[in-house]
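Structure first, then comments.
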Amino acid sequence: MNDHDMERMRSLLINGGLTCVQDVQEADIVIVNTCCVREKAEQKFYSRMGRLRSVKRKKGTILGVTGCIAQLEKKGILNRLPFIDFALGPSNIEKINKAVEEAIKGVPFFDFAENGCDTLPFLKPANVQSPVRAYVTIMKGCDNFCSYCVVPYVRGRESSRESGKIIEEIKGLAKRGTKEVTLLGQNVNSYNKNSNDISFPELLKKINDIDGIERIRFVTSHPKDLSPALIDCFSTLGKLCESIHLPFQSGSDKILKLMNRGYTRIEYYEKITALRKQCPDIAITADCIVGFPGEDDRDFHDTIDLIENIQFDNIFSFAYSPRKFTGAATLLDIVPKDLAQERLLHFQQVQKSITTAKNRQMEGKRTEVLVEDISKNSAEELAGRTRTNKIVNFKGTKDMMNNLVEVDIIKGYANSLKGANPKVKRG
Ligand code: SF4
0 MNDHDMERMR
10 SLLINGGLTC
20 VQDVQEADIV
30 IVNTCCVREK
40 AEQKFYSRMG
50 RLRSVKRKKG
60 TILGVTGCIA
70 QLEKKGILNR
80 LPFIDFALGP
90 SNIEKINKAV
100 EEAIKGVPFF
110 DFAENGCDTL
120 PFLKPANVQS
130 PVRAYVTIMK
140 GCDNFCSYCV
150 VPYVRGRESS
160 RESGKIIEEI
170 KGLAKRGTKE
180 VTLLGQNVNS
190 YNKNSNDISF
200 PELLKKINDI
210 DGIERIRFVT
220 SHPKDLSPAL
230 IDCFSTLGKL
240 CESIHLPFQS
250 GSDKILKLMN
260 RGYTRIEYYE
270 KITALRKQCP
280 DIAITADCIV
290 GFPGEDDRDF
300 HDTIDLIENI
310 QFDNIFSFAY
320 SPRKFTGAAT
330 LLDIVPKDLA
340 QERLLHFQQV
350 QKSITTAKNR
360 QMEGKRTEVL
370 VEDISKNSAE
380 ELAGRTRTNK
390 IVNFKGTKDM
400 MNNLVEVDII
410 KGYANSLKGA
420 NPKVKRG
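With the first letter of the sequence shown counted as 1, position 204 gets the number 203 in numbering that gives the first Met the number 0; the numbers rise by one all the way through.
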């Protein structure tokens, strides 16, 4: 979501006449887009602002803050950062040009949603960075109130965008050459859960019928909202990619309850079994928090047991950190930091070997790749993603850029695949 907000602001500012530069030292205006979901990100933000303060002192640089921390702190942010010129909550980034204009005139500008973002307009990704891939926000906010999460407090309650407008936007993107759309929402699969508009599976079906769109993805899904109708889409909709991000957060029922996740370990397993029944090759990724208050050795063992049994393609894992305003911040049975780190390291080692083994299983297979860029590894290679969302690097020709090609996978690594014998896919 933050990347999408960054793209949107960049686009608005460029359309407003500003030029983007690479080096902070060169800039007249610096905007820091923030995330407060994890404590580490928040700490990094404040130390970065300390460094930017010195730049401002030397050059008079205008400094602005956007995103979750701005929304959470509102004008209180001035207590810690009295030198900033403007701040906008995530729902107010449409006013970025106004904020910059006022700051240039020397007028501080602060604007936040009073109750999160549920009543504010949605954003359209004009000037998306990649010519073939685009993100489309279909819903915002979250009603789940997981006990560790600050998102409902900063992004507001769930609100879904009208399906007709989404379809219209995607048709427009397809006309401009977009081949892959990723539907975005904090809880994307509860789209329209309180509305008479079409359901999420029905929306996917309509997008599947749009000429020019070749691939559909969505992120992030909540396990409790993964309905049988949505699971069926993975076998019936040809353009829906064989990949899903389905955070489980813990393998222990006790911890899942404390987290207020709304499902049990067995229910999670059942969803994965149903997904694999409909789509045996589906790649499954997830998020997990270790060291949540109350997590003992047995709970952690349950989590390791779950990841070994499910064999995820990849997992984003974090050590728990308390967040202001959340229910979990009041829990007393804290896991010592060292122990949480030790568990995280063990978790990541186990998962890394699973991910590598899964990538090796791809060796010898011919697979479709949407070519997006020059490879980060070598200027002589191209890079793209499989339908299962794995990065493939391979030697190819310029005409392959932004096209679907088929490649042989000759090597699977921990973070990527190596391809060979590319051929542009026709028809
Ligand atoms: S579902 Fe996701 S966004 Fe919503 S409260 Fe839980 S963790 Fe946060």
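Think of the CB as a built atom: it goes at the ideal place given N, C-alpha and C, for glycine as much as any other residue.
Beta-carbon proximity of residue i to residue j, cut-off 8 Å
| i | j | result |
| --- | --- | --- |
| V428 | T219 | Since the displayed the chain opens at 0 and closes at 426, residue 428 lies outside it and no answer follows. |
| K238 | I212 | yes |
| G411 | E362 | yes |
| L236 | N193 | no |
| V423 | N401 | no |
| G383 | V334 | no |
| F44 | I68 | yes |
| K389 | N420 | no |
| A86 | G63 | yes |
| N392 | E380 | yes |
| F199 | L229 | yes |
| F217 | Q277 | no |
| D298 | K336 | no |
| L343 | G293 | no |
In DSSP terms, what residue i is bridged to
| i | result |
| --- | --- |
| I373 | L381 |
| A413 | Answer is none; A413 lacks a bridge partner. |
| D110 | L87 |
| A419 | D407 |
| A133 | V180 |
| M138 | S159 |
| I243 | I283 |
| Q248 | C287 |
Element boundaries [beta strand (DSSP E), containing residue i]
| i | result |
| --- | --- |
| L331 | Here L331 belongs to no beta strand (DSSP E), and DSSP marks it neither H nor E. |
| V391 | 390 to 393 |
| V29 | 28 to 33 |
| L62 | 61 to 66 |
First and last residue of the uninterrupted alpha helix (DSSP H) at residue i
| i | result |
| --- | --- |
| S316 | Note, S316: premise wrong, no alpha helix (DSSP H); beta strand (DSSP E) at 313 to 318. |
| D304 | 296 to 309 |
| R50 | 38 to 58 |
| R9 | 1 to 14 |
| G363 | That residue, G363, is in no alpha helix (DSSP H); it is neither H nor E in DSSP. |
| P151 | 150 to 154 |
Closer than 7 Å: residue i CB and nearest ligand 2 heavy atom
| i | result |
| --- | --- |
| P151 | Looking at this structure, you won't find ligand 2 anywhere; what it does contain is ligand 1. |
Any chain B beta carbon closer than 8 Å to residue i
| i | result |
| --- | --- |
| M8 | Note that chain B does not occur in the displayed structure, where there is just one protein chain. |
The region 94 to 103 touching the region 133 to 151, judged by at least three CB pairs closer than 8 Å:
no
Could you tell me whether the region 48 to 68 touches the region 18 to 31, using the rule of 3 or more Cβ pairs below 8 Å?
yes
Where are the alpha helix (DSSP H) runs, 4 residues long or more, that stay fully inside the region 252 to 288, in chain order?
252 to 257, 264 to 277
Ranges of the alpha helix (DSSP H) found wholly within the region 78 to 106, counting only runs of at least 4
95 to 103
Threshold first: 4 residues or longer. Then list the alpha helix (DSSP H) segments lying entirely within the region 177 to 241, N to C.
199 to 207, 227 to 235
Below 8 Å, how does it come out for the region 303 to 316 and the region 249 to 268: are there three or more Cβ pairs, yes or no?
yes
Below 8 Å, how does it come out for the region 230 to 249 and the region 283 to 293: are there three or more Cβ pairs, yes or no?
yes
Taking contact to mean at least 3 C-beta pairs separated by less than 8 Å, is the region 71 to 86 in contact with the region 0 to 19?
no
Would you call the region 310 to 318 and the region 336 to 352 touching, i.e. three or more CB-CB distances under 8 Å?
yes
For the 8 Å Cβ check, are there 3 or more pairs between the region 318 to 334 and the region 357 to 372?
no
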